[in-house]
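> Once you know that position 38 of the sequence shown is 38 in UniProt numbering, the rest is easy, because the numbers rise by one and skip nothing. C-beta: ideal position from N, C-alpha, C; glycine also. As the structure is a computational prediction, the values presented were derived from the model and not from experiment. One structure, as structure tokens, below. Some questions next.
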Amino acid sequence: MSPQATQQPDIDGDVYVTPRYLAAATYPGDPALEPLLALSWDLRHDDLGNVYVNAPDERVRLGYLPEGEDDGLWRINAYTNAHKDLFGLPAWGVCFNDRVPTEFVQAFTTALATAYEQGPDAYLARPDSGTDEHDPFLAIVPLLKQGWEIDHPRWGVLAVQAPDGLAGLEFTTGHLDPEAELTTRDARWQLWAGKSIDRPAWYATASTDTPVALLAAVTQCVADPAPLPRWRKETFSYMKDMAQLTSILPPRPPAPTPLDVQRAFASRRPAALPAASVPRWSTTSRPALPGPRR
């Protein structure tokens with residue numbers, strides 16, 4: 001069934017963007033905050049309009065930074081010990097820049113909320129190629145299932161690229177600077193879309209110890225063949241020169257029920273003419289004609 005064949009009344013857009021990784025961020029970013037706020041995470045603002053969300057145990061912290069120092073709009077960090085690591089490096093960190101489709105960030109925060117409910121063993125689970133559950137390769141599988149191809153663009157880098165070449169995921173092997181992973185694009189994982197990884201339309205990075213389940217939630221969302229809705233006039237919300245746009249048709253009226261048909265027929269049937277009234281003092285016979293004058 002084509003995307004334009006049906007439409008739910010609450011679809012936020014008048015066009016579908018295909019493929020979905022050529023969409024961009026929507027504003028505001030509330031949908032990506034909702035999974036965490038639903039768990040009663042603490043929300044605060046600063047004077048610039050940046051938003052900070054902290055887990056109840058303060059081990060996981062999210063920053064939504066429209067007025068941040070760079071284009072890293074979303075920064076999520078996790079700590080093994082909230083108080084001891086207050087000024088230290090986090091156990092893992094993820095960054096989504098200011099054009100990443102909000103749906104991809106929401107996929108991450110939804111998985112994070114699930115992991116947080118399961119406890120530190122889930123949201124601090126380090127990748128481990130020796131286990132089935134935490135093997136880093138699991139983050140790549142959703143993309144491979146949708147026809148993304150494995151590549152080795154340079155030494156020490158494993159990449160998978162979308163069939164159209166307009167998106168990719170890179171995994172860097174070897175030693176990396178832990179601090180650089182959190183503050184630059186030189187991270188273990190980098191997901192991007194656009195014409196080149198060197199000048200991406202959007203990108204996301206994740207440090208070495210980011211749990212595989214959280215990464216896989218994002219790649220699963222990216223790989224989903226379903227398009228994303230956007231408003232055509234909001235050209236900032238998709239890659240205008242690369243994405244395919246399909247108009248969303250208004251919903252079809254529901255099929256009439258037998259009762260609807262009966263009522264419609266009754267409303268079109270002409271009303272019966274009222275019977276002519278005859279006064280009691282009148283007669284239905286024709287009055288006699290006057291006689292001839294004398």
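In the DSSP assignment, what residue or residues form a beta bridge with His-45?
Val-51
> Hey, how far is the Cα of Thr-102 from the Cα of Val-218?
11 Å
> For the alpha helix (DSSP H) holding Tyr-203, just list the boundary residues, first then last.
First-last for Tyr-203: 202-206, but that is the beta strand (DSSP E), not the alpha helix (DSSP H).
> Taking only runs that begin and end inside the UniProt domain "DUF317" (162-228), name each unbroken alpha helix (DSSP H) of 4 or more residues, in chain order.
178-183 and 212-223
> Apart from the five residues on each side of it in sequence, which residues of its chain come closer than 6 Å, Cβ to Cβ, to Leu-89?
Closer than 6 Å at the Cβ level, and outside the excluded window around Leu-89, lie Pro-178.
> How about Ala-78 and Tyr-27: do their beta carbons lie closer than 8 Å?
no
> Whose CA, out of Val-94, Ala-201 and Asp-98, lies closest to the CA of Asp-209?
Val-94
> Report the three-state DSSP secondary structure of Val-141 (helix, strand or coil).
helix
> How would you label Ser-2, buried or exposed, when you count the other beta carbons within 10 angstroms and need 16 or more for buried?
Its pLDDT being 46, under 50, Ser-2 is placed unreliably by the model, and the measurement read from it follows with that caveat. Counting Cβ neighbours within 10 Å, Ser-2 comes out exposed, since fewer than 16 surround it.
> Compute the Euclidean distance between the alpha carbons of Thr-114 and Asp-121, then round it to the nearest angstrom.
Rounded to whole angstroms, the gap between the alpha carbons of Thr-114 and Asp-121 is 12 Å.
> Can you have a look at Ser-282 and say buried or exposed, based on whether 16 or more other CB atoms are within 10 angstroms of its CB?
Low confidence applies to Ser-282: its pLDDT is 45, below 50, so where it sits in the model is not reliable, and the reading given next is rough at best. Ser-282 comes out exposed.
> Distance check for Leu-249 and Gly-13, CA to CA, integer angstroms please.
About 11 Å.
> Got a sec, what are the start and stop residues for the beta strand (DSSP E) Leu-39 sits in?
Careful: Leu-39 lies outside any beta strand (DSSP E) and carries neither H nor E.
> So, for Pro-31: in the same chain, excluding its five sequence neighbours on each side, which residues have a beta-carbon less than 7 Å away from its beta-carbon?
Same-chain partners within the cutoff: Thr-102 and Gln-106.
> Since Trp-189 and Leu-215 should fall inside the 8 Å C-beta cutoff, what is the C-beta to C-beta distance between them, to a whole number of angstroms?
6 Å
> Determine the direct distance from the alpha carbon of Phe-265 to that of Tyr-203, and round the result to whole angstroms.
60 Å
> Would you list the residues sitting across from Asp-151 in a DSSP beta bridge?
Ala-159
> Looking only at C-alpha atoms, which of Asp-164, Leu-176 and Ala-213 sits nearest to Lys-195?
Ranking Asp-164, Leu-176 and Ala-213 by Cα distance to Lys-195 puts Asp-164 first.
> Cβ of Leu-169 within 8 Å of Cβ of Val-160?
yes
> Keeping to the same chain, check which residues put their C-beta closer than 6 Å to that of Gly-174; ignore five residues upstream and five downstream.
Spatial neighbours of Gly-174 in its own chain (CB-CB distance under 6 Å, excluding positions within 5 residues in sequence) are listed in chain order as Gly-156.
> Using the rule of at least 16 other Cβ atoms within 10 Å of the residue's Cβ for burial, across every protein chain shown, is Gly-72 buried or exposed?
Label assigned to Gly-72: buried.
> Could you check which residue in Ala-226, Ile-11 and Val-17 has the C-alpha nearest to that of Met-242?
Val-17
> If we ignore side chains and look at the alpha-carbon of each, how far apart do Trp-74 and Thr-110 end up?
14 Å
> Taking the alpha-carbon positions, what's the Arg-20 to Gln-244 distance?
9 Å
> Pull up the distance between the alpha-carbon of Arg-232 and that of Met-239, whole angstroms please.
Rounded to whole angstroms, Arg-232 to Met-239 spans 11 Å at the Cα level.
> Taking the beta carbon of Phe-104 as the centre, do at least 16 other beta carbons fall within 10 Å, making it buried, or is it exposed?
buried
> Give me the Cα-Cα distance between Phe-108 and Ser-129, rounded to the nearest whole angstrom.
21 Å
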